[in-house]
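2 protein chains.
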Amino acid sequence: MNQIDVCLSPELIHLYDITGKIVVAVDILRASSCMTAGISNGVGSIRPFADLEACKAMKTQGYVIAGERNGQKVAGFDLGNSPYDYLQEHLNGKKIAVTTTNGTLAIEKSKNAKMVVIGSFLNKSTLANFLQKKGEDVLIFCAGWKGKFNLEDTLFAGAMVEALKGHFLPSCDAPLAAQALYKDAKKDLRAYLQNSSHVQRLQKLGIDRDIAYCLTEDQLNVIPALSGEEIIALDES
Amino acid sequence: MNQIDVCLSPELIHLYDITGKIVVAVDILRASSCMTAGISNGVGSIRPFADLEACKAMKTQGYVIAGERNGQKVAGFDLGNSPYDYLQEHLNGKKIAVTTTNGTLAIEKSKNAKMVVIGSFLNKSTLANFLQKKGEDVLIFCAGWKGKFNLEDTLFAGAMVEALKGHFLPSCDAPLAAQALYKDAKKDLRAYLQNSSHVQRLQKLGIDRDIAYCLTEDQLNVIPALSGEEIIALDES
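The listed protein sequences correspond, in order, to chains A and B. The numbering used here numbers the first residue of the first sequence as 538 and each following residue consecutively. The numbering used here numbers the first residue of the second sequence as 538 and each following residue consecutively.
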């Protein structure tokens, strides 16, 4: 049986052998949710940048630029880090260059994997079905918060372990813990996350609507995947 | 209100400012349980070593030497890593030099803290009362398993967060998650840990009796604390 593992922070990724695995990069609030929303909305490609200036420079190459630091849109950028920004109709077919605090780092650190896909509650079941079909070992890679564990990414990791139980074997304690937390939380993810540090930070920024959207399971049925430097819709035909 | 935080792995400790905090070093299976048992049994001091040979050399200086690698006693050492080894009567007043896989590393990395104490389920409530009385910010530092998250240390961290609720405020998501896991597990810690990777490894070594002992709460009422290079009984008089 294939294995499923969970890496709780980019600071721990060096402990995992990701070659030969499918890595699911996760930054629920909000980078991976934005990417899922954008790709579902017909965005042509999304290119992540760790560096803000490198991202900004893509504007001259015809990219729509999206930037967030500490939860807020960066001045001079076209889009912030709200999934609703990525759902705008005029983005159909466009190329987006994006820089975010945590999510980009996780994607950067995933590049040696066999395949990198983007996970969020939005495309949870579509992704679970895809992983089951592929039959490769899986690592759910939580972006965390400034290198630390965070609850919302871990709950998503747990949701994947739970969705894939019977098909994938947990590799160690992290998937077991994530699964237990998700089972505890799933009745009302939003209420469960009420005390989490990141949710409290975001609520101070007045983006409850984003949080509610990012925590609603199975709204979208795309698999965003890394192809070279860009995230595109995976063609499963 | 003072804060309580949880560091899930030695690989994450650089993200925490431990100066001014009391660090509780935790390696439930079995280093911190052994240390608690030993100090309770009247062992004079316990000196942890990362390096096996450095530890072995202490034999010539009159130390009893204790060594474990991958869960098993090292050849030529007096004691292994069973708490029952540390409960032997003849150890009263003796000095022990110990090297273990994960626990020693966590203690090594705690040395900039205001105070380092040793936590285990064995002395849980004694430790909680002590921390409440001290009124300093607390970091529970899980030794983990080869740098990765492990369940038993995290459950103990959660037990401390739960025991101190109302007196200490969780600093971020890790204490919240640990607390939720502990509340889920506390009815029967041993059954809960049945699927954990480390417990399964240890069971293969035939040390169920150790596991049962290490998971029994509130058997001992000592506070082992780091003083210079050695762990001694904290004198609270």
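We put the beta carbon where it would ideally sit given N, CA and C, even for glycine. Keep in mind it's a predicted model, so treat the numbers as computed, not measured.
Taking DSSP as the reference, what is the three-state secondary structure of residue i?
| i | result |
| --- | --- |
| C679(A) | strand |
| V736(A) | helix |
| D542(A) | strand |
| S570(A) | helix |
| P761(A) | strand |
| S657(B) | coil |
| S582(A) | strand |
| E754(A) | coil |
| I730(B) | Checking the sequence shown, residue 730(B) turns out to be Leu, not Ile. Residue state, collapsed to three classes: helix. |
| A591(A) | helix |
| L616(B) | strand |
| K648(B) | coil |
| I669(B) | Here residue 669(B) is Gln; the residue named in the question, Ile, does not match the sequence. Correct three-state label for Q669(B): helix. |
| Y553(A) | coil |
| G575(A) | helix |
| Y621(A) | coil |
| L742(B) | coil |
| K596(A) | helix |
| E626(A) | helix |
Looking only at DSSP bridge pairs, what is residue i linked to?
| i | result |
| --- | --- |
| T636(A) | G604(A) |
| Q609(A) | R606(A) |
| P502(B) | Because chain B is modelled from 538 through 774, residue 502(B) falls outside the range shown and cannot be assessed. |
| A562(B) | I655(B), F678(B) |
| I768(A) | I583(A), L763(A) |
- request: Only counting runs of 3 or more residues, tell me where the beta strand (DSSP E) segments fall wholly within the stretch 683-727 of chain A, in order along the chain.
  value: 705-707
task: Quick one: which residues of the stretch 540-551 of chain A get their C-beta closer than 7 Å to a C-beta of chain B? List them in chain order.
output: L545, S546, E548, L549
query: Would you say the stretch 743-761 of chain A touches the stretch 567-583 of chain A, given that touching needs at least three Cβ pairs under 8 Å?
result: yes
message: So if I threshold CB-CB distances at 7 Å, which residues from the stretch 706-720 of chain A count as touching chain B?
response: C709, D710, A711, L713, A714, A717, L718
query: How about the stretch 648-656 of chain A and the stretch 752-768 of chain A: do they share at least three Cβ pairs that are nearer than 8 Å?
result: yes
field: Short-range partners of chain B found in the stretch 572-588 of chain A, where Cβ spacing is below 9 Å
entry: none
query: Can at least three beta-carbon pairs, one atom from the stretch 572-590 of chain A and one from the stretch 619-634 of chain A, be found at a separation below 8 Å?
result: yes
- prompt: Between the stretch 542-552 of chain A and the stretch 687-704 of chain A, are three or more C-beta pairs nearer than 8 Å?
  reply: yes
task: Please determine if the stretch 558-565 of chain B and the stretch 677-685 of chain B are in contact, where contact requires at least 3 C-beta pairs separated by less than 8 Å.
output: yes
- prompt: Counting pairs of beta carbons, one from the stretch 582-600 of chain A and one from the stretch 634-644 of chain A, are three or more of them closer than 8 Å?
  reply: yes
field: Under 7 Å (Cβ pairs) to chain B, residues found in the stretch 685-701 of chain A
entry: K685, F686, N687, L688, T691
message: Residues of the stretch 723-739 of chain A in Cβ contact with chain B at a cutoff of 8 Å, in chain order, please.
response: N732, S733, S734, H735
message: Could you check whether the stretch 599-619 of chain B touches the stretch 728-746 of chain B, counting it as contact only if at least three pairs of C-beta atoms, one from each stretch, sit closer than 8 Å?
response: yes
message: Counting beta carbon pairs with one atom in the stretch 585-604 of chain B and one in the stretch 721-735 of chain B, are three or more of them shorter than 8 Å?
response: no
message: Under 8 Å, with one C-beta from each stretch per pair, do the stretch 696-704 of chain A and the stretch 714-727 of chain A reach the 3-pair mark?
response: yes
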